[in-house]
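Asker:
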Amino acid sequence: MIAIFFASILLGTVAGLTAGLFGIGGGLVIVPVLAMLFAAQGFPAELVMIMSVATSLATIILTSISSVLAHHRLDSVLWNKVRILGPGIMIGSAVGAVVADHVSGGVLRFIFIIYLIGVGVQMALQLKPKPGQQQPSKELDLAAAGIMGLLSSLLGIGGGTLIVPYLVHFQTPMRNAVAIASACGLPIAVVGTVGYALLGKDASQLPDWSLGYIYVPSFLGIVLTSMYTAPIGAKLAHKLPAEQLKRYFSLLLFVMAAKLIWF
């Protein structure tokens with residue numbers, strides 16, 4: 008427990024910096040690294056991925072609150088759009104936790120590997136969403152929100168890499184799309200975390216210091232540092248060649264995907 012706690016402090020430092028520097032959610036880094044840490048510490052194989060995902064979502068609650076407040080002060084959050092997407096996001100997030108509880112650890116790992124490779128390709132090629140020509144119907148918004156909430160909860164992410172392209176495609180300015188995605192990340196994290204905590208409360212072979220599928224020492228270690236390093240990463244984004252660094256970071260994502268295949 009002590010070893011994982013201190014490793015999680017370091018992980019939170021890196022996750023916060025990368026989240027601020029590249030504008031991505033910390034879950035992209037947190038989930039694969041926690042999976043490797045938990046496996047190295049002898050956690051049951053079937054629990055490694057679901058505990059990594061659940062713990063990642065729990066950390067996103069606090070970082071998301073900080074991010075939402077910052078965007079709200081800048082008047083970037085279109086709250087009407089958040090209210091439209093919110094119900095679908097929350098339903099999808101709850102369903103995602105249930106799905107994760109019923110699929111094998113291997114399937115969950117495979118889904119995350121595909122996600123890592125997809126984001127890695129996007130960052131390596133500098134692919135950006137292109138604005139569409141029309142506004143979505145409320146029915147389409149609800150359906151899309153449900154799918155994005157489900158995938159986010161299943162992957163242990165805040166959903167920005169899914170929500171922002173969707174919003175930009177339907178003519179939402181990038182500045183507002185990022186802010187809306189940040190606001191939607193909070194219900195994803197809260198509902199998903201509660202779901203994983205309840206679904207895992209009676210799971211067998213859980214290690215000590217677990218709250219359902221959430222591993223509390225890792226949660227505490229990550230949030231202790233990530234909340235402070237994320238703003239530092241955001242400031243560095245204005246000083247460093249972030250676009251060029253994204254290509255290097257994509258290589259790290261490919262390495263982590265490879266490690267997940269063979270860990």
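Here the working numbering is used: the first residue of the sequence shown is 8, the next is one more, and so on.
Just so you know, even glycine gets a beta-carbon here, dropped at the ideal spot from N, CA and C.
Keep in mind that this is a model prediction, so the values were computed, not measured.
Quick one: what's got a C-beta closer than 7 Å to PHE226's C-beta in the same chain, skipping five residues either side?
Answerer: Working through the sequence shown from its first residue, we reach residue 226 at position 219. Only THR62, ALA65 and THR66 meet the Cβ criterion.
Asker: Touch check for the segment 15-34 and the segment 237-256: three-plus C-beta pairs under 8 Å?
Answerer: yes
Asker: Quick check on the DSSP output: what are the complete alpha helix (DSSP H) runs of length 4 or more inside the segment 44-107, in order along the chain?
Answerer: 52-80
Asker: Mapping DSSP to helix, strand and coil, what is TYR220?
Answerer: Against the sequence shown, residue 220 aligns to sequence position 213. Correct three-state label for TYR220: coil.
Asker: Is GLY163 buried or exposed, if buried means 16 or more other CB atoms sit within 10 Å of its CB?
Answerer: For the purposes of this step, residue 163 is taken as the residue at position 156 of the sequence shown. Label assigned to GLY163: buried.
Asker: Going by the CB atoms, is the gap between ALA152 and VAL171 shorter than 9 Å?
Answerer: Numbered from its first residue, the sequence shown carries residue 171 at position 164. Numbered from its first residue, the sequence shown carries residue 152 at position 145. Result no, Cβ atoms of VAL171 and ALA152 do not sit closer than 9 Å.
Asker: On the DSSP letters alone, give me the boundaries of the alpha helix (DSSP H) that PRO180 sits inside.
Answerer: On the sequence shown, position 173 is the one that residue 180 refers to. DSSP places PRO180 outside any alpha helix (DSSP H), giving it a letter other than H or E.
Asker: Could you round the C-beta distance between LEU267 and ARG80 to whole angstroms and report it? I think they count as a contact, below 8 Å.
Answerer: Taking the first residue of the sequence shown as position 1, residue 267 is located at position 260. Taking the first residue of the sequence shown as position 1, residue 80 is located at position 73. About 38 Å separates the two Cβ atoms, so there is no contact after all.
Asker: Output the residue ranges of the alpha helix (DSSP H) runs that lie fully inside the segment 231-269 and measure 4 residues or longer, sorted by chain position.
Answerer: Taking only runs of at least 4 residues, the alpha helix (DSSP H) segments lying wholly in the segment 231-269 are 249-269.
Asker: Can PHE177 and GLY139 be called in contact, C-beta distance under 9 Å?
Answerer: Counting from one through the sequence shown, the residue named residue 177 turns up at place 170. Counting from one through the sequence shown, the residue named residue 139 turns up at place 132. In contact: PHE177 and GLY139 (Cβ atoms closer than 9 Å).
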